[in-house]
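K.L.:
Sharing a structure below in structure tokens format, with a few things to ask.
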Amino acid sequence: MRNLPRDLALRMVSGDSIEAVAAELLNAAMQVVAADAGTVQVLDEQREKLSIVVHRGLSAGIISKFVHLERDSQTSCSIALATGERVIMDFDDPLASDPDGSRAAHLQEGLRSALSTPLINRSGRVIGVYTIHWREHPRLDEQQLGFLDLLARQAAEILAHRLAEKALRESEARLEQEVADARELQEISRSLMEEGEGKVLYQVLLNAAVRLARADFGSLQMLCQEDEKLELLATVGFDAAAVAAWTLVDADACAAGARALASERRYSAPDIHACGLMRDTSTADFYAAVGIHAVQYTPLVSRRGKIVGLLATHWKEAREASERELLLLDVVARQAADLIERQRGEAELKKSEVDYQTLFNSIDEGFCIIEVIFDEDGLAVDYRFLRVNPAFERQTGLHDAVGKTMREFAPEHEEHWFEIYGRVAVSGEAVRFERPASKLGDRWFDFFAFRVGGPAERQVAVVFTDVTARKKSIEQLQQAHDSLEERVEQRTAELSAQRDQLRQLASELTRSEQRERTRMAELLHDHVQQLLVSAKMRCEGMRRSGDEQLKEDVSAVAGLLGECLVSLRSLTVELSPPVLSESLASALDWLGGVWMKDKHELQVKLVLDWKVDAENHDIRSLVFSAVRELLFNVVKHSGVKVATVVLAAEDAVNLRVIVKDGGKGFDSASILTGRQAGTGMGLFTIRERIGMLGGKLEIRSSPGEGVEAVIVVPRRED
1 MRNLPRDLAL RMVSGDSIEA VAAELLNAAM QVVAADAGTV QVLDEQREKL
51 SIVVHRGLSA GIISKFVHLE RDSQTSCSIA LATGERVIMD FDDPLASDPD
101 GSRAAHLQEG LRSALSTPLI NRSGRVIGVY TIHWREHPRL DEQQLGFLDL
151 LARQAAEILA HRLAEKALRE SEARLEQEVA DARELQEISR SLMEEGEGKV
201 LYQVLLNAAV RLARADFGSL QMLCQEDEKL ELLATVGFDA AAVAAWTLVD
251 ADACAAGARA LASERRYSAP DIHACGLMRD TSTADFYAAV GIHAVQYTPL
301 VSRRGKIVGL LATHWKEARE ASERELLLLD VVARQAADLI ERQRGEAELK
351 KSEVDYQTLF NSIDEGFCII EVIFDEDGLA VDYRFLRVNP AFERQTGLHD
401 AVGKTMREFA PEHEEHWFEI YGRVAVSGEA VRFERPASKL GDRWFDFFAF
451 RVGGPAERQV AVVFTDVTAR KKSIEQLQQA HDSLEERVEQ RTAELSAQRD
501 QLRQLASELT RSEQRERTRM AELLHDHVQQ LLVSAKMRCE GMRRSGDEQL
551 KEDVSAVAGL LGECLVSLRS LTVELSPPVL SESLASALDW LGGVWMKDKH
601 ELQVKLVLDW KVDAENHDIR SLVFSAVREL LFNVVKHSGV KVATVVLAAE
651 DAVNLRVIVK DGGKGFDSAS ILTGRQAGTG MGLFTIRERI GMLGGKLEIR
701 SSPGEGVEAV IVVPRRED
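Going by the numbering used here, 201 is the number at position 201 of the sequence shown; the sequence numbering is gapless.
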């Protein structure tokens, strides 16, 4: 058991996931106290729940019952979480109440007792609980309980780091998803600007809506207002029978869809089985047969404020769409409404001449018929307006245009307009295009132009829409996309820097531990072991010697063993000085006044305020280790045999320790940033550990001017 904490710490540090670290913790705890089962739970602060990440020896039934546990439950783990203290609970206690049935559940599992220990990191934050169970009441001694607490402290800090890394990865994943969604919306806008068959474009829109909402099914319906019917335009996930059944239905066929149409607002049912509007309806039965548990219906509203259809997404599991998913659905709904409007407009243009005049005057799109004017070289140089509709004036700002030419309104109108209309008039090939018209108020227009009449008439009909707002939206979307890309790159660079630093610290820790093991091995091998060998040889000779010789050998053996004890005591003191338990001043007094002088012949001048102390043993040990490392540097690098150590109060909260010498000095910046090898890396590591406690280490030095190291740490750890 002596080496188990150290070995376990190394395995947990090397674990690359929360589950791996938790598994090492649970396996070690169960092994030490001979437990029959156990769990490790991590606190989800947003959901206020404890979630099991690793379990051993428990059935699937009890795991499903406790996999996500309310933090205020009456279980031992929740109590340990709330109190921050270890909790032991006997499930068969006849006097204990069992309001939530957790005791009975454990007894049914064959478990009689449990011990829950909170996982608290150095900052005092409770990040979870680990619990071990026995089928019989355990008998634990203080050593075993202390070991379980030690495991909790070791695992909590490592789990905190792994949770932070996981949160960072999830944040990056969200940023990447946002970029992908922005690109998809941009691609949809591009597709809608191109010519294409209506059914294909509707399917493109619905596919995007399902992906953006992370849904499993979807439907896009157009409202036929003349007969209050919904026509199915596209589906995702439904089989042929379902599609046939919903091809054309009454607008109120689905209660949820009817509510959305009537209110002109989105209607959501996160769980249709708990939705009073949908429960016990034929639609609910249909959804149950398909495997749908959650739905949302978004009405499609045209730019004129008219309902033109419904966009629905469906999920296999009960869930509520996030605010961001709904925002993306709104964007797609707007595009779907625009597409339906556009498709309807183009269809109406192909109606009979009887409906032509009504269409001409009522459509939102601008419409005009122009006569293209060519010069003597056959180049289009102007065009005359022959007929315009009311929307023409609203969208172009040109009034009383009939009979006038474009040059009269805008003499510097862009040449590409004349070239395009000239080609249509000559070739008869219809074109769709988007172009800016800077002389008409910096507007953008989406145009569809086709020839009317014979080639000699040189007449072109133009249907157009002012898409200035859409263009601005696309520009804003691109700006958002660029901003997201920049944020992703920035976060990636930050993560890379943090990972480099962690690797550097981990490497130094490994090297430091290895150097310490090597030093201890050499000490035990070169001195203590040789003494023991000599003692063994003397004892071998005792069997062959006379009485006088026996006495002499026994005395020699006693002397050798005495030397062994002295060496071992010295080694023990060096590894963990007892004076550390008294006060920081006592420890520094022993270090500078006794140990450095005896071991390294370094004369240390001590200026100690004995009233100043670190209340926390970890802080006291860290300051002691830092001072010892700094004095080692004096011995190895300064070239002098005298140093000074000062202990004083920095303020009411912090203490200050100064270590200085008058030796050769060094480049303190390169040492503390870890750019030089050797002992400087020890100072870098110490500075980082002091920083984690809310303190700081400053080294002031330059070549030839000695070194002054100032340590400032809090007297207590919050």
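Just so you know, even glycine gets a beta-carbon here, dropped at the ideal spot from N, CA and C.
Taking the beta strand (DSSP E) that Ile660 falls in, what are its first and last residues?
P.N.:
Per the sequence shown, residue 660 should be read as Lys rather than Ile. Lys660 -> beta strand (DSSP E) spans Asn654 to Asp661.
K.L.:
Going by the CB atoms, is the gap between Met596 and Val635 shorter than 9 Å?
P.N.:
In contact: Val635 and Met596 (Cβ atoms closer than 9 Å).
K.L.:
If I follow the unbroken beta strand (DSSP E) through Phe632, where does it start and stop?
P.N.:
No beta strand (DSSP E) contains Phe632, which is instead part of the alpha helix (DSSP H) from His617 to Asn633.
K.L.:
Could you check what DSSP says for Ile369 in three-state terms: helix, strand or coil?
P.N.:
If DSSP states are grouped into helix, strand and coil, Ile369 belongs with the strands.
K.L.:
Among residues of its own chain, excluding the 5 on either side of Pro138, which ones have a beta-carbon nearer than 7 Å to its beta-carbon?
P.N.:
Closer than 7 Å at Cβ, skipping near neighbours: Val33 and Ser113.
K.L.:
Which residue or residues does DSSP assign as beta-bridge partners of Pro727?
P.N.:
With the chain covering only 1 through 718, there is no way to say anything about residue 727.
K.L.:
Could you check how far apart the C-beta atoms of Leu630 and Leu602 are, in whole angstroms? I think they sit under 8 Å.
P.N.:
Wrong, their Cβ atoms sit about 11 Å apart, outside the cutoff.
K.L.:
Quick one: complete alpha helix (DSSP H) runs, 4+ long, within the segment 38-69?
P.N.:
Entirely contained in the segment 38-69, the alpha helix (DSSP H) runs reaching 4 residues are, in chain order, 60-66.
K.L.:
On the three-state DSSP scale, how would you describe Ser234?
P.N.:
Sequence check: residue 234 is Ala here, not Ser. Strand.
K.L.:
Less than 9 Å between the C-beta atoms of Glu688 and Arg700, yes or no?
P.N.:
No, the pair does not count as a contact, with Cβ atoms beyond the cut-off.
K.L.:
Determine the burial state of Trp721: buried for a count of at least 16 other Cβ atoms within 10 Å of its Cβ, exposed for fewer.
P.N.:
Here the chain has residues from 1 to 718 only, and residue 721 is not among them.
K.L.:
For Thr358, does the count of other Cβ atoms within 10 angstroms reach 16, so buried, or fall short, so exposed?
P.N.:
So Thr358 ends up on the exposed side.
K.L.:
Judging by CA-CA distance, which residue of Ser702, Glu650, Val623 and Asp651 is the nearest neighbour of Asp661?
P.N.:
If we check each option's Cα against that of Asp661, Ser702 comes out closest.
K.L.:
Please say whether Val463 and Thr313 have beta carbons closer to each other than 9 Å?
P.N.:
No, the Cβ-Cβ distance between Thr313 and Val463 is not below 9 Å.
K.L.:
Is it the case that the Cβ atoms of Thr281 and Ala255 are separated by a distance below 9 Å?
P.N.:
Closer than 9 Å, so yes.
K.L.:
Which runs of the beta strand (DSSP E) spanning at least 3 residues fall entirely within the segment 424-459, listed in chain order?
P.N.:
Runs found: 431-437 and 443-452.
K.L.:
Could you pull the start and end residues of the beta strand (DSSP E) that Lys597 belongs to?
P.N.:
From DSSP, Lys597 is part of no beta strand (DSSP E) but of the alpha helix (DSSP H) over Met596 to His600.
K.L.:
Just how far apart, CA to CA, sit Ala20 and Ala155?
P.N.:
Rounded to whole angstroms, Ala20 to Ala155 spans 11 Å at the Cα level.
K.L.:
Ala289: which of Arg303, Leu655, Glu582 and Ala241 sits nearest, CA to CA?
P.N.:
Here the closest residue by C-alpha is Ala241.
K.L.:
Considering only DSSP beta bridges, list what Ser219 is partnered with.
P.N.:
According to DSSP, which records beta bridges pairwise, Ser219 is partnered with Thr235 and Ala312.
K.L.:
Provide the residue(s) that pair with Glu698 in DSSP beta bridges, ordered along the chain.
P.N.:
Answer by DSSP bridge pairing, in chain order: Val710.
K.L.:
Could you please give the first and the last residue of the uninterrupted alpha helix (DSSP H) stretch that includes Thr286?
P.N.:
Reading off the sequence, residue 286 comes out as Phe, not Thr. Start and end: Ser282 to Val290.
K.L.:
Using DSSP's beta-bridge definition, name the partner residues of Thr117.
P.N.:
In the DSSP output, where bridge partners are listed per residue, Thr117 has Tyr130.
K.L.:
Exposed or buried, what is Pro455 when buried is set at 16 or more other beta-carbons lying within 10 Å of its beta-carbon?
P.N.:
Pro455 should be labelled exposed.
K.L.:
If we count the other Cβ atoms within 10 Å of its Cβ and call it buried at 16 or more, is His273 buried or exposed?
P.N.:
So His273 ends up on the exposed side.
K.L.:
What did DSSP end up calling Ile18 once you bin it into helix, strand or coil?
P.N.:
Helix at Ile18.
K.L.:
Cα separation between Gly128 and Val40?
P.N.:
Spanning the two alpha carbons is a distance of roughly 8 Å.
K.L.:
What does DSSP give as the partner residues of Gln603 in its beta bridges?
P.N.:
Note: Gln603 sits in a beta bridge opposite Val642.
K.L.:
Distance, Cα to Cα, Glu371 vs Arg304?
P.N.:
Taking the straight line from one Cα to the other gives about 31 Å.
K.L.:
Assuming Val67 and Leu26 make a contact with CB atoms under 8 Å, what is their CB distance in whole Å?
P.N.:
In fact, because the Cβ distance is near 15 Å, the residues do not count as touching under 8 Å.
K.L.:
Note the first and the last residue of the continuous beta strand (DSSP E) segment covering Phe385.
P.N.:
Counting along the chain, the beta strand (DSSP E) containing Phe385 begins and ends at Ala380 to Val388.
K.L.:
Given a threshold of 16 other Cβ atoms within 10 Å of its Cβ, counted over all protein chains shown, does Ser555 qualify as buried or as exposed?
P.N.:
Under this definition Ser555 is an exposed residue.
K.L.:
Can you tell me whether Asp589 is helix, strand or coil according to DSSP?
P.N.:
Three-state result, Asp589: helix.
K.L.:
From Ser64, Val640 and Arg656, pick the residue whose C-alpha is nearest to that of Ala585; which is it?
P.N.:
Among Ser64, Val640 and Arg656, the Cα nearest to that of Ala585 is on Arg656.
K.L.:
For Val75, name the three-state secondary structure that DSSP assigns.
P.N.:
With the sequence shown as reference, residue 75 is identified as Thr, and Val is not the correct amino acid for it. Note: Thr75 maps to coil in three-state DSSP.
K.L.:
With 16 other CB atoms within 10 Å as the buried threshold, where does Ile63 fall?
P.N.:
So Ile63 ends up on the exposed side.
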